[in-house]
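Numbering (my numbering), first residue to last: 865 to 1672.
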C-alpha cells in the first residue's frame, strides 16, 4: 500500500513541477538587484531553528503575521485554526488539544501532554490546560505541519506551533486597544517599551478580558453561567552586554476564571449515528420497550434512561424532594438541556487557573556560530469543578486541582549563514511535575470529599543535530537526528471509596475491596509505580532542489514520537508505550514579491496510538491502534495590487485506523447480560450507560475531517485622509467524529469573520467594527463522553463589537 501511495505522490509532483517551471524560469531572468530587494518583503521562518526564507524550508509552514491575525479577529491561539488548513483546536474539558493532519490526542490525565508542540519565543508550553491563551504582542505565528521529532523532540508527532513576540526596544513606543462587544465582552490591552540606556530596554504588557458569556441557564435562578474574567501581565528586560552577547529575561503572570470549556448540556444523537442501542440483544430491547424506555438512538439525549421512564417513579418533584435540584426548580422543566448554548448545570461549575513563568534567553556570537540558551521555569495551579452527568441534578460533581510545574533548559548552536554546510546542534533537558492529588467528589449533593488523586514527574534528556549541505547551488541534502531519553518518575495513584480494582503491570485486575465489602486498602492509599524509561531516535532526511531563486521542490522523511506514559489517572500500573510516526512528504514552493504558493503531498505510518476513554469518571488508557494518513494540501498568498490582497488554503486528509481491535464504544446496558460482559447493567441498573468495544479498523480517526479550507481577503483605500480596510476570512470543514468509534458526529460547517477598520492620517489612531461567525453557525466544540452521561459543548453564536486603538 505504501509503495503505491508514494509512486502516486511522485507522479503528481513531477507534473506540478513541470507545469510550474516555465513561469519560474521567466521569473529568474530579473536583475540581481531586484532579487535582493525581494528578500526584505518575503516571509522569514524559523521552522529549522534558524532564520530562513519560507520557500527554502522543506516543511509545510503556514505563517501568520499581525495583519492576517487582525483580519480574522484572532484573539486567542485557538483562533488560528480558521487561518490554517488541516489544523484543529479542540478540547476535552479544559484540556486544549490541537490536531494537525489528523494527528492529535484526547488523553486527559496526569502527565498526558500534547501531540502538537506549542512554543512561545522558543519555550515549550507543555501544560494542555493553558495551551489556549490570549495573544500578547505577537509578531508572527508559524504552524509547522508534520512530525518535528528531530528539531523539536517529544510530543510533536502532529507538528508544532511557533509564536514569536516583540522584544523590548530602546526606542520608546506604546500601544493601547479597547474593545467592547456582544455579551458585554470587554477587552483592554496595553503595551509599552523604552530604553533605560543605550544597551538596556524594558517592556510591559497587560491584558484584561471580561464578559457574561453566551450561555443561558434553563434554571431561572442562575444568570450568566458562562461569565468569565481573565487577565495577564508580562514584563521583560533586555540587555546587550556587548556587541556579541545579549540577555532577555521575561516574567509573566496570568489569571483565568472561565468555565466556557465546561459548559456542557446533554448530547443529542440527532442523526442516529451513535448507535447507542445497537449492541443490546433483542431480549434486552424487549425489556426496554416493556418499561416505556426510548428504543431509538436518533433524537435521543444520551443520558441514563432511568431519567425518562415512569416505571422508576422519575419526576422533577422527586429530585427536588431528594435535594438533587433546587427547591425553586420548575416542576414542568426537564433536568437537562439540549438546545445549543443552553446549560442545565448549576452554579458550581468553574475553571480557575493562576500561572507564573520566568524565561531567560541568552544569545552570543561565537564567531564561527551563533549560540542561544533557553531557560524556563513555569508553575500553573488550576482548579476545575465539572459536572460529569450532563444534567442539572446534583448527582456527581468532580473537583480536580492540578499543580503543574515545569523546568526546561536548551542550548542551541547554529552555523553562520553563507557556507555550503549549514548545521544546527543542541542539547535539551525538560522536567514536568503534574500533580492531581487535590481530587474531590460530591455525590448526591453531599459535601466534597477526597476522591483518589495521582501525580507523576516526566523528565527528558535529548541531543540533536541537523545538517544541510549544498551539493550544488541548486541541490541540497539534509540529514538530522535526535536521541531522547525519557523518564516518568515519582508516580503514584490513590484509590477512592468507589474503586473495586486497580490494574497491575501485566494488565491484571487487583481487588481493592473484599467479597464481604470491606476495604483491603483504605480509600486514599497511595500506590507507587516503578520508573518508566524509554529511549527514542527520531531521524530526518531531505532532498531539496531549487529550479530558480523563487522556488523549491523537496522530498522528506521524518519521524516523530509522543512520550510513553503511566496511566496513574486510571488506577493502572501498566505502562503506556510511546506513539511513533513515520512521515513522507513531497512539496513545491514558490514565492516572489506579489505571489506565493505552497503545495504538499504526504503519507504517514502511525503506530501505538495512545487512546483514552472515560468510565465512571476514570480515564481508560491503552496503546490500541495503528493508522494510515495521506493527503494533499496547498496555500497561496496574492497581492493583487496596492489595495487588495488574498490568502487561501485547502487540505484533503484521508486519516483511517488500520488496526484497532478494542475501540471504545458507548452503549446502553443490556438488561439480560451478566458480568463480566461489559454490557451488563451492574450497579447502575437498567437504562445505564456502559462501555464496550468494537473493531475500529477502517474508521475515521477522531477529529480528522477529510476536507478543510480557508479564504481571506483585505481591501484598503484612502478615506478622509486616513486608510480604510475591509477584510474577512471564511473557514470551512467537512464532517468529522469526536470519538474513534464514529459515534459522535459533527456535520460540516462554515464560519465567516468580517472587519472594517479606519486609521487616521497620523497612523496613531484606529477605530474598527468586527463580527465573528456572522452567519450564526452553531456546531459542537466538544463531546464529553463517559458512562455517567454524554455532554456537548457548543460554539458561540454570532458576535460583534467595536475596537479603538492608539499607538505612539
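Beta carbons: idealized from backbone N, C-alpha and C, even for Gly.
The continuous beta strand (DSSP E) containing residue 1101 extends over residues 1092-1104. Going by beta carbons, residue 1656 and residue 1083 fall outside the 7 Å limit. Not a single unbroken stretch of the alpha helix (DSSP H) spanning 4 or more residues falls wholly within the stretch 1291-1336. Residue 1595 counts as buried, since at least 16 other C-beta atoms from the protein chains shown sit within 10 angstroms of its C-beta. For residue 1516, DSSP records a beta bridge to 1496 and 1571.
Using a 10 angstroms sphere on the CB of residue 1153, the tally of other CB atoms stays under 16, which defines it as exposed. Sixteen is the threshold: when 16 or more other Cβ atoms of the shown chains lie within 10 Å of the Cβ of residue 1652, as they do, the residue is buried. Residue 1522 sits away from residue 1021, with the two beta carbons spaced by 7 Å or more. If you ignore the 5 residues before and after residue 1049, its C-beta comes within less than 7 Å of the C-beta of 1075 and 1665, all in its own chain and listed in chain order. Residue 1182 carries a helical assignment under DSSP once its states are collapsed to helix, strand and coil.
Of all C-beta pairs linking the stretch 1207-1217 to the stretch 1240-1259, three or more are shorter than 8 Å, placing the two stretches in contact. By the 16-neighbour rule on beta-carbons within 10 angstroms, residue 1495 is buried. The beta carbon of residue 1236 sits closer than 6 Å to those of 1227 and 1276, all from its chain and outside the five residues before and after it, given in chain order. One alpha carbon belongs to residue 1055, the other to residue 1119, and they sit about 18 Å apart. The DSSP-derived three-state label of residue 931 is helix. In terms of Cβ geometry, residue 1420 and residue 1406 form a close pair [threshold 7 Å]. In the three-state scheme derived from DSSP, where H, G and I count as helix and E and B as strand, residue 1149 is classed as helix. Distances from the CA of residue 1574 to each of 1617, 1540 and 1553 were compared; the closest alpha carbon is that of 1617.
The DSSP assignment places 951-956, 959-964, 980-984 and 1002-1009 as complete runs of the beta strand (DSSP E) inside the stretch 941-1019, in order along the chain (cut-off: 3 residues).
For residue 1167, the three-state secondary structure derived from DSSP is coil.
In this structure residue 1359 is buried. Its beta-carbon is surrounded by 16 or more other beta-carbon atoms within 10 angstroms. Beta bridge pairing from DSSP links residue 1451 with 1418 and 1464. Put simply, the stretch 967-981 touches the stretch 1294-1303. At least three CB pairs are less than 8 Å apart. Inclusion of residue 1024 and residue 1008 in the CB contact set at 7 Å is warranted, their separation being smaller than that value. Using a 10 angstroms sphere on the CB of residue 1649, the tally of other CB atoms reaches 16 or more, which defines it as buried. One alpha carbon belongs to residue 1534, the other to residue 1181, and they sit about 29 Å apart. Of the residues assessed, residue 1370 falls on the exposed side of the cut-off, its CB having fewer than 16 other CB atoms within 10 angstroms. Using a 10 angstroms sphere on the CB of residue 1672, the tally of other CB atoms stays under 16, which defines it as exposed. For residue 1136, same chain residues with a beta-carbon under 6 Å away, outside a window of 5 residues either side, are 1161 and 1162 in chain order. Between the stretch 1271-1285 and the stretch 1308-1319 there are fewer than three C-beta pairs closer than 8 Å, too few to call the two in contact. Taking a 10 Å sphere around the C-beta of residue 1501, we find 16 or more other C-beta atoms and assign the residue as buried.
The beta-carbon separation of residue 1437 and residue 1367, rounded to 6 Å, stays under the 8 Å limit for a contact.
Check the Cα spacing between residue 1165 and each of 1229, 1203 and 927: the tightest is with 1203. Put simply, the backbone Cα of residue 1340 is about 17 Å away from that of residue 915. Bounds of the beta strand (DSSP E) holding residue 1345 are 1339-1358. Residue 1580 sits away from residue 1041, with the two beta carbons spaced by 7 Å or more.
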